[in-house]
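Right, one structure below, let's go through it.
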Amino acid sequence: MCGRFALTATPEELLELFALLESEDFPARFNIAPTQPIMVVVSGERAQPGSNLPERKAVLVRWGFMPGWVKDPRDFPLLINVRAESAIEKASFRAAMRHRRVLVPASGFYEWRRPPKGSREPSQAYWVRPRKGGIVAFAGLMETWSSADGSEVDTAAILTTAANASIRQIHDRMPVVIKPEDFARWLDCKTQEPREIVDLFGPVAEDYFEAIPVSDKVNKVANAGPDIQEAVTPKVAPDARPESKPAEPANAQMSLF
Numbered sequence: 368m369c370g371r372f373a374l375t376a377t378p379e380e381l382l383e384l385f386a387l388l389e390s391e392d393f394p395a396r397f398n399i400a401p402t403q404p405i406m407v408v409v410s411g412e413r414a415q416p417g418s419n420l421p422e423r424k425a426v427l428v429r430w431g432f433m434p435g436w437v438k439d440p441r442d443f444p445l446l447i448n449v450r451a452e453s454a455i456e457k458a459s460f461r462a463a464m465r466h467r468r469v470l471v472p473a474s475g476f477y478e479w480r481r482p483p484k485g486s487r488e489p490s491q492a493y494w495v496r497p498r499k500g501g502i503v504a505f506a507g508l509m510e511t512w513s514s515a516d517g518s519e520v521d522t523a524a525i526l527t528t529a530a531n532a533s534i535r536q537i538h539d540r541m542p543v544v545i546k547p548e549d550f551a552r553w554l555d556c557k558t559q560e561p562r563e564i565v566d567l568f569g570p571v572a573e574d575y576f577e578a579i580p581v582s583d584k585v586n587k588v589a590n591a592g593p594d595i596q597e598a599v600t601p602k603v604a605p606d607a608r609p610e611s612k613p614a615e616p617a618n619a620q621m622s623l624f
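So, in structure tokens, the structure goes:
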């Protein structure tokens, strides 16, 4: 699951990692929340023969996937996460899986360890980041929604998969991470059918992320400074979590907390 994340990389770092044609001066953001604009990397038009210009570009979209067939957004749930295992078959995501796969750059994401129902234990927030630092690329899907008046909104969601053993101590789902060597395959919607890239949906290596306990400041969208990533003493140790918990909804996260 991924209900909040951060992106604090410089435009130069994004240009280098994703081989972008261009990148806007995207400010550091420490607490990105659903419905806000997020940066995604898309595959652009193929370069002319002999050109050495990059083909990828970064665009801003609304975090909250909206299928094109939706009539009234008020009658449709906020889809910020999509289960990778079922995205190919689900009607809401089938077209995007085939034609509009994107990368979502991030410096890391936030996750909450929830106590069992009926327990008086408090929830604990964690800042989950690459252990070696740098930028991580989440697998994403993009869709353009058109309203009755003809206006269009580009929307996106982040794909999730079963958590690896280290993250499972906090939550049973985690974002799908696309490694740099697989960027081209994931973004190539012209020759790579969805069934040919399902091998990318597995959880990342156990030691890829580190989880740092942080305060409840991250719960409020208005708290958007670097202080929300400062380490605190955890209220409850992660290994106190039960082995099992109710499954996540079939295709998306409906609420954050």
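Numbering (my numbering), first residue to last: 368 to 624. Think of the CB as a built atom: it goes at the ideal place given N, C-alpha and C, for glycine as much as any other residue. If you're wondering where the values come from, they're calculated on a predicted model, not measured in any experiment.
Quickly, what does DSSP pair residue i with across the bridge? List them, please.
i	result
residue 478	493
residue 513	519
residue 388	In DSSP, residue 388 forms no bridge with anything.
residue 410	423
residue 540	529
residue 524	508
residue 405	428
residue 598	581
Under 8 Å, do residue i and residue j count as touching if we go by C-beta distance?
i	j	result
residue 425	residue 408	yes
residue 627	residue 496	In this structure the chain extends from 368 to 624, so residue 627 is not present and cannot be described.
residue 581	residue 492	yes
residue 508	residue 461	no
residue 382	residue 404	no
residue 543	residue 505	yes
residue 540	residue 527	yes
residue 398	residue 429	no
residue 570	residue 455	no
residue 530	residue 538	yes
residue 470	residue 568	no
residue 486	residue 479	no
residue 579	residue 598	yes
residue 395	residue 588	no
State the DSSP-derived secondary structure class of residue i, mapped to helix, strand or coil.
i	result
residue 590	coil
residue 455	coil
residue 503	strand
residue 400	coil
residue 565	helix
residue 447	coil
residue 471	strand
residue 551	helix
residue 371	strand
residue 619	In this prediction, residue 619 scores a pLDDT of 40, lower than 50, which makes its location untrustworthy; the coordinate-derived value is nonetheless stated afterwards. Three-state result, residue 619: coil.
residue 498	coil
residue 378	helix
residue 535	helix
residue 394	coil
residue 441	helix
residue 383	helix
Tell me where the alpha helix (DSSP H) around residue i begins and ends.
i	result
residue 464	461 to 466
On the DSSP letters alone, give me the boundaries of the beta strand (DSSP E) that residue i sits inside.
i	result
residue 578	576 to 581
Would you say residue i lies against chain C (beta-carbon separation less than 8 Å)?
i	result
residue 432	In the structure shown, chain C does not exist; there is a single protein chain.
**Study point:** At least three beta-carbon pairs within less than 8 Å, the segment 505 to 523 to the segment 431 to 441
**Key:** yes
Review point. Quick one: any contact between the segment 497 to 515 and the segment 376 to 387, if contact means 3 or more CB pairs under 8 Å?
Key: yes
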